[in-house]
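According to this note's numbering, the sequence shown is numbered sequentially starting from 14. A virtual CB, placed ideally from N, CA and C, is assigned to each residue, including glycine. Note that the structure is a prediction, hence the values are computed from the model and not measured. Take a look at the structure below.
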Amino acid sequence: MAAVSLRLGDLVWGKLGRYPPWPGKIVNPPKDLKKPRGKKCFFVKFFGTEDHAWIKVEQLKPYHAHKEEMIKINKGKRFQQAVDAVEEFLRRAKGKDQTSSHTSADDKNRRNSSEERSRPNSGDEKRKLSLSEGKVKKNMGEGKKRVTSGSAERGSKCLKRAQEQSPRKRGRPPKDEKDLTIPESSTVKGMMAGPMAAFKWQPTASEPVKDADPHFHHFLLSQTEKPAVCYQAITKKLKVCEEETGSTSIQAADSTAVNGSITPTDKKIGFLGLGLMGSGIVSNLLKMGHTVTVWNRTAEKCDLFIQEGARLGRTPAEVVSTCDITFACVSDPKAAKDLVLGPSGVLQGIRPGKCYVDMSTVDADTVTELAQVIVSRGGRFLEAPVSGNQQLSNDGMLVILAAGDRGLYEDCSSCFQAMGKTSFFLGEVGNAAKMMLIVNMVQGSFMATIAEGLTLAQVTGQSQQTLLDILNQGQLASIFLDQKCQNILQGNFKPDFYLKYIQKDLRLAIALGDAVNHPTPMAAAANEVYKRAKALDQSDNDMSAVYRAYIH
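Laid out in structure tokens, this is it:
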């Protein structure tokens, strides 16, 4: 996109990375969010979402001048909803301007009429006016004391209230505030106060935030309907909150602010496994300025990341020996063990102080065994499986569940911020594996139920699209529901989360229940449907391909 002359309040099309242009508005950033160094950029709040980001000026275009062009190349439902939100915003702003102009005209007429009536026309009136002025001067001495006293009292109260409400101490403003002030566009100045139901603005430091979502939402296009988060969530400092359950959550800073809000660790990072999840994770680590060495069983997958600045490791042992913290993300328990215990594996590179973080979704017994062998060599171990899919991995929106070495968890903070929106520390090794299996058990069972409902609608003569529309208007509405139903309706089962892996997680979750004598009949039923889908050659398709188990 070509560079343009823009100011605060302008409506724009903003483009970030490989994502399509999206309608937004240039606004002032939160007070504590520093402007990125380097190229000129603006802070943009996007319509139809809770998302925002620093966008380079060359990636911005004026909204009105390019509206028709953008509408032609983007046809998605959510995109159209965002455009509708812009138009509604403009209609309301226009209506408010018209009302304001009429009011101003009426006020002017009334003032002119009042002045005509009050203008003195004779000598008598002038004498009356002179006498009146004398009385006023006489009474001023008496009234001055009362007014001064009252004003001082009210001023004292106002100052006291202001001090109680303002979180900032008196003194000069931070240096960064000068950089955050953008000249305001006079043409759009009136729109800033205009209401808009579909678009919530980020609260400023002086505004109270009610029911804020404690987990920060990253760009791009999260499509959530939750209230905007408080500005403190996007400072560079890491927020660590202890909960009653004993778990800890790290609330990530805004990893999309063009490297502005994440300070990458100076530790050397290694990453083993560049599958659907690993690829997105490594890409975000590199974008946020981390030094990363990669290895993959199929070496060709490393080429793209080498071009983006990563270094190549020849074996897992070499990566671990040359890096301070090595992450791994592989498919199942067998792959996780082979990676550590196999020839030229992780264990051969472990020395005292070396750190290993396993992000694979495996069972608690496997991760406990790996932790023991790593620690026995003087290494530090953390399990950190992730909840999400390929798209969330690419967007840096994963949820990380960690357990093990608490100090290592904190050392990984900038990495977790780059790859995810939230991370939780769950205590001793094994807890994260158990929690991850439970999460995926719920997700897999829900997916099977969605497929069952859509096929039942079809065989009873009901519209599947209408069923989706109804679900999207109810309590079950979610991005997951909408995306997976769209996959089924379009017959598009390109993998975002492999069907074979969700079936593996269901199997492990059922085994977890068996180990503690806890019934899992819903998961067991769903597992059988996925097994049938695998028998129909759907293993390497998306989990939504479980639908085909119902129609064959």
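Residue i - partner residues in DSSP beta bridges
| i | result |
| --- | --- |
| Val333 | Answer by DSSP bridge pairing: none, since Val333 is not bridged. |
| Glu396 | Asp371 and Ala416 |
| Ala341 | Leu285 and Asp371 |
| Pro36 | Trp26 |
| Gly440 | Note: Gly440 sits in no beta bridge, so no partner. |
| Tyr511 | Asp555 |
| Arg327 | BP columns for Arg327 are empty, so no partner. |
| His68 | It is Ile, not His, that sits at residue 68 in the sequence shown. Paired residue(s): Phe55. |
| Lys85 | Partner(s): none; Lys85 has no beta bridge. |
| Thr306 | Gly283 and Arg324 |
| Pro75 | Val25 |
Top-ranked residue by Cα proximity to residue i, from the options
| i | options | result |
| --- | --- | --- |
| Gln551 | Asp97, Val388, Phe510 and Met535 | Phe510 |
| Gly443 | Asp371, Leu285, Ala470 and Lys497 | Asp371 |
| Gln320 | Arg310, Lys74 and Val305 | Val305 |
| Lys58 | Ile39, Val307 and Asn500 | Ile39 |
| Ala464 | Ile501, Gln496, Gln478 and Ile523 | Ile501 |
| Asn505 | Lys517, Ala524 and Met556 | Met556 |
| Ala66 | Pro42, Lys80, Ile84 and Tyr76 | Pro42 |
| Asp376 | Ala522, Lys48, Asp351 and Gln403 | Ala522 |
| Leu467 | Asp495, Leu405, Asp351 and Gly440 | Asp495 |
| Gln72 | Ile84, Leu19, Lys281 and Asp97 | Leu19 |
| Gln406 | Phe92, Lys53, Gly291 and Ile84 | The amino acid occupying residue 406 in the given sequence is Ser; Gln does not appear at that position. For Ser406, the nearest C-alpha among the options comes from Gly291. |
| Gly89 | Gln499, Asp518, Asn554 and Ala524 | Gln499 |
| Gly409 | Ala416, Ala415 and Ser400 | Ser400 |
| Asn402 | Thr374, Trp26 and Glu382 | Thr374 |
| Gly440 | Trp26, Leu414 and Gln93 | Leu414 |
| Thr62 | Ala524, Leu29, Pro49 and Pro36 | Pro36 |
| Glu382 | Pro398, Leu354 and Thr328 | Leu354 |
| Lys28 | His79, Lys434, Lys44 and Ile515 | His79 |
| Phe1 | Pro398, Ala341 and Cys336 | The chain is shown only over 14 to 565; residue 1 falls outside these bounds and no answer can be derived. |
| Pro33 | Phe92, Val380 and Pro49 | Phe92 |
| Asn540 | Ile515, Ala323, Val332 and Pro49 | Ile515 |
| Ala431 | Ala536, Gln475 and Leu411 | Leu411 |
| Leu489 | Gln475, Lys517, Gly474 and Met460 | Met460 |
| Gln404 | Asp337, Ala323, Val96 and Lys497 | Lys497 |
| Val70 | Glu101, Leu21, Ala330 and Ala95 | Leu21 |
| Ala538 | Thr462, Glu101 and Gly474 | Thr462 |
Residue i CB to nearest heavy atom of the ligand FAD below 7 Å
| i | result |
| --- | --- |
| Gln551 | The ligand FAD is not part of the structure shown, which contains no ligands of any sort. |
With 16 other Cβ atoms within 10 Å as the buried cut-off, status of residue i
| i | result |
| --- | --- |
| Arg561 | buried |
| Gln503 | exposed |
| Asn530 | exposed |
| Asp23 | buried |
| Pro356 | exposed |
| Lys347 | exposed |
| Glu396 | buried |
| Lys85 | exposed |
| Leu512 | buried |
| Ile564 | exposed |
| Glu220 | Confidence in Glu220 is poor, its pLDDT being 37 and thus under 50, which makes the residue's placement unreliable; the coordinate value appears in the next sentence. Answer is exposed; the Cβ neighbour count stays below 16. |
| His77 | exposed |
| Arg520 | buried |
| Leu469 | exposed |
| Ala558 | buried |
| Val472 | exposed |
| Val25 | buried |
| Ala524 | exposed |
| Gly433 | buried |
| Lys74 | buried |
| Ala95 | buried |
| Lys157 | Note that Lys157 scores a pLDDT of 42, beneath 50, so its modelled location is shaky and nothing firm can be said. |
Expected contact under 8 Å - CB spacing of residue i and residue j to nearest Å
| i | j | result |
| --- | --- | --- |
| Leu289 | Pro534 | With 8 Å as the limit, Leu289 and Pro534 do not qualify as a contact, their Cβ atoms being about 30 Å apart. |
| Asp418 | Phe394 | 6 Å |
| Val99 | Phe55 | No, Val99 and Phe55 are not in contact; Cβ-Cβ is about 17 Å, not under 8 Å. |
| Gly392 | Tyr369 | 6 Å |
| Thr278 | Cys428 | 7 Å |
| Phe318 | Val343 | Contact doesn't hold; Cβ gap of about 17 Å is too wide. |
| Thr335 | Val359 | Between Val359 and Thr335 the Cβ distance is about 13 Å, and since that is not below 8 Å, they are no contact. |
| Gly326 | Gly293 | Rounded, the Cβ-Cβ distance is 19 Å, inconsistent with contact. |
| Leu285 | Ala341 | 4 Å |
8 Å Cβ cutoff, residue i in contact with chain C
| i | result |
| --- | --- |
| Glu71 | Here there is only one protein chain, and chain C is not present. |
**Q.** Stretch pair the stretch 419-429 + the stretch 453-469: three plus CB contacts closer than 8 Å
**A.** Too few Cβ pairs lie closer than 8 Å, so no.
Q. Are the stretch 305-317 and the stretch 440-447 in contact at 8 Å, needing three or more beta carbon pairs?
A. no
Q.
Across the stretch 347-363 and the stretch 382-397, are there enough close Cβ pairs to call them in contact, namely three or more that are closer than 8 Å?
A. yes
Q.
Any contact between the stretch 479-493 and the stretch 538-549? By contact I mean 3 or more CB pairs, one from each, below 8 Å.
A. no
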